[in-house]
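Below you'll find the structure, written out as C-alpha cells, and then a few comments.
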Amino acid sequence: MRILKAEQQGWTHPMPLSPRCRAESSLHSQLTSSYLTALHSSSHVAAERPTGRGAPPTYLFGSSVISGKAPCRSGVHRLIVHAGLPPRPLHASHARVASLPIVVAFCALRLSLLLLLLLLLPRYQYPNILTFQHSHRQTTAHVSHKAMPPRIRTVEGSCWGCKERRVICDLTSPSCEKCTKIGRRCDYGKVRLRWTDCVASRGRLAGKKIPLCQAPVLHKNTDHHILYFENELLPRFNISNTVPRVDLKVLSEDPILLQSIIACANAHATYRSANEKALSLSKIQDRNTALKMFRKQLMSTQSDDTSSSLFISNVLLCILDGIIEPITESSATHHHLMGGKAILRQWKGLRDVFQTKYELPILMLSIFATMDLTHAMLIGDDPYFDASTWPEFGDSQAWWGNVKADDDYLETMGILSQLATLGHEVRHFRGTAPIGIMYSIQNALEQQASRQEEAGQTSEQKAWAAFCATYRFTASVYLYRALSALDVDHPLVQQAVSDCMDVIGGHDLTDKLHHCILFPVLIVGSHCFESEQRLAIRKSIAQTAPYLSFEALRSLGSFLERRWDELDTSPTLRESNWWTYFDEIANVTCLF
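For the sequence shown, the working numbering puts the final residue at 592, and the numbers step up evenly by one.
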C-alpha cells in the first residue's frame, strides 16, 4: 500500500491526478497515523542503503520505509512511505530524501532515554548497599559495646623490665623480685635511656620532636630521708624541744624500721613540696615497699627485738595512713591500730619500754597510746591502755613532753580512757552507763578545773593549763553525748562547747601547744552552732595547717564544714547519737 502526495513548487492549484493517484491519495489520511506510530515505536534505525545510481539514500524505520526526494512523471515531488512491506530497493523516480533533523532528533531521544536509565539504576541500588553497611556498622558497634574491657597486666609505677614483659611488678626498690631472678637491671626511671647512636635508631627517630628540657626530679637517698625524719617530721609530733636522736647504725641493721621511716619522711616531704605530682610515684613505691616488708616480717618467727621493730614500724604506718595522708577507701588506719594492739599483746618487752624514758620507743608508744584512745572514743572500742597505765608515762620523753606522773594532762588522759571503756560497754553491751561512775568522773573533772583556777600561774603554766583544759572539756562533751545520750543542742553540751571555745580562741595557748589540740577541735568544733565559734575553729585550723602539713587537717576542715551545714538544715542530725555523728571520719583518721 502506498500513499502519494504531490505538491508543485510555486503552483496555486493542484494539478489533475490520474485515477491511480487519486486512489492512493484517498488512503493518505488513514495511513498517516500508522506512519507516525511506526516512526515513534520503532526499535531501531536501519542502515542507509542505495536505491540506484545517483538516487538519494533510503532510511528504514522498523517496518516502514522513507525514501528520498525524486520527481515523478507528472512533475510532482513525492515522499514514498512503505508500511508493512519488506524492505526493497526503490526506484530513483519514486524516492525522496527524508528530513534529516527528524532522524537526528529521534537518535538523540533514544540516547537520552538510555542515559536516563543508566542514571536511575544506581539510585535504586545504593539504598540497599547503604542499609547493609549501616546495619553492619550497628551490629559491630553493638558487639564492641558488649565486649569485655582489655585486661590490665601492669600496675602503676612498674619498672621498665616488667612493663616490657607485661607482668605485674611488686614495686620493690631498688630492684624488684622478677628482675632479680633473671639477673636483669631494674629501672624505675620515668624516661628510659637507650643507646640511639645507630643507623636504625636514627631512622626510627627521624622527624620526631624531643623536648629540649624537662623539670629535674631530685632523687633523695636514704640518709636524706633519715635526716628529714629526725629534723622535720619528729618535731611535729613532739611538744618539747627535745627530740630523740635516730641512730643510723641501728637503722642500718633494721631494714623494716628503716623503710617505714623512709616512707613517712618521703610522704611528708612530697606533701610539702611544690613538685608533688613528680614525686608521687616515689612516695607510692616507698609505702608499698614498707608494707610488703612489714607483712613479710609478721609471717616469720618473732623475738623481742623484732617485736620492738615491728611495733615502731606499725606506729609509723599509722602516722602515714592516718595523719600524713589518710586513706579513706580501705580504713587502713583502723587496721593498723588493731595490728598494733596484737603486737603489744605478744610483746614481752613492753615493760622495758617504760624504763628507757628517753629513747625512740617511748615516743612511739606515747603516740600510739594517744591515737588508739582517740580512735576508740570515736568508734566505741575498748582502748588498749586503761586509766591506770597513763601515770606510767610520767618522767619520760613522750610526745607531750616530760611531765610528772600526777600531772593534770595524764590525769585527763586516764579519765578519757575510763570514759572510752564505758562507751564501749554502752554501745555493745548495755544502753546506759552506771550513774555512780559518771558522777565520780564529773567530780574529778570539776576538781581539776578548780585546782587550776586557784593556783598562781606564770605564762608558761597558763599555757599548759589551757592545753589540759581543752582535753578536759572534750571529756565533758563525751560524757554528755556518748554516755548520757544528750542531743547536740542540749544546754549542758553547749556549755562545755562554749567553755572550750573560750580557751581555743584565747591567747594562753602557745603556737606549739595549739598544734596539738586537733582532737578537741574535732569534738568541740563539730558541736558549734554560733558563727563566732565556727570562725574561731577555722582560724585554728588555718593556723595549724601550714606548720604541720598533714592531709588530715584538710579532711578535718571538710568534715566540720559538712557537719555545720547539716546542723543548720537537718534537725534530725541534732538528735543523732555519738557513734552516728562521727561515723564518717572515725575510721579515716586518728587526730590528736
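Even for Gly, the Cβ is constructed at its ideal location relative to N, Cα and C.
What you are looking at is a predicted structure, and each value in this text was computed from that prediction instead of being measured.
- In the three-state reduction of the DSSP assignment, G505 falls in the coil class.
- In this structure, A466 sits away from G414, with a CB-CB distance that is not shorter than 8 Å.
- CA-to-CA, the gap between E253 and Y480 works out to about 50 Å.
- Annotation for E575: no alpha helix (DSSP H) segment contains it, and DSSP assigns it neither H nor E.
- Note on geometry: alpha-carbon atoms of D568 and G557 lie some 17 Å from one another.
- Counted as a single uninterrupted DSSP element, the alpha helix (DSSP H) harbouring R351 occupies residues L350 to T356.
- Runs of the beta strand (DSSP E) lying entirely within the stretch 432-490, each at least 3 residues long, are absent.
- Between the C-alpha atoms of C468 and D408 there is a straight-line separation of about 7 Å.
- Residue environment analysis places K178 among the buried positions, since at least 16 neighbouring C-beta atoms fall within 10 angstroms of its C-beta.
- Excluding sequence positions up to five before and after P520, its CB lies within less than 8 Å of the CB of T470, Y471, F473, T474, C500 and I504, all in the same chain and listed in chain order.
- In this structure, A398 is the residue among A398, P101 and D372 with its C-alpha nearest to the C-alpha of T242.
- Put simply, the stretch 346-354 touches the stretch 305-315. At least three CB pairs are less than 8 Å apart.
- The DSSP-derived three-state label of G394 is coil.
- Here F393 has S366 and L410 as same chain residues with Cβ atoms under 7 Å from its own Cβ, once five neighbours each way along the sequence are excluded.
- Under the three-state reduction of DSSP output, G401 falls in the strand class.
- Taken through DSSP and simplified to helix, strand or coil, F429 comes out as coil.
- Each of R166, G161, D170 and V167 was checked against the Cα of G183, and the nearest Cα belongs to G161.
- In the structure shown, D223 adopts helical secondary structure according to DSSP, grouped into three states.
- In terms of Cβ geometry, L233 and A265 form a close pair [threshold 8 Å].
- For S366, the enclosing alpha helix (DSSP H) begins and ends at L360 to I379.
- Per the C-alpha coordinates, the member of D223, T370, L317 and Y188 positioned closest to L281 is Y188.
- In this structure, the straight-line span from the alpha carbon of P491 to that of V477 is close to 11 Å.
- Bounds of the alpha helix (DSSP H) holding C162 are W160 to R165.
- In the three-state scheme derived from DSSP, where H, G and I count as helix and E and B as strand, S252 is classed as helix.
- The alpha-carbon of H224 is positioned some 15 Å away from that of S273.
- Excluding its 5 nearest sequence neighbours in each direction, A496 has C-beta neighbours in its own chain below 6 Å: F473, S476 and V477, listed in chain order.
- Assignment of C169 by DSSP, reduced to helix, strand and coil, places it in the coil class.
- Nearest C-alpha to P546 among P434, I324 and D502: I324.
- The beta carbon of R574 sits closer than 7 Å to those of D487, V488, D489 and L567, all from its chain and outside the five residues before and after it, given in chain order.
- Taking the Cβ atoms as the reference, T510 lies roughly 5 Å from A463, within the contact range of under 8 Å.
- Taking 8 Å as the cut-off, the Cβ atoms of L513 and I239 count as close.
- Going by C-alpha positions, Q448 is about 23 Å away from S396.
- For G525, the enclosing alpha helix (DSSP H) stretches over residues L518 to G525.
- In the displayed model, L553 falls within a helix according to three-state DSSP.
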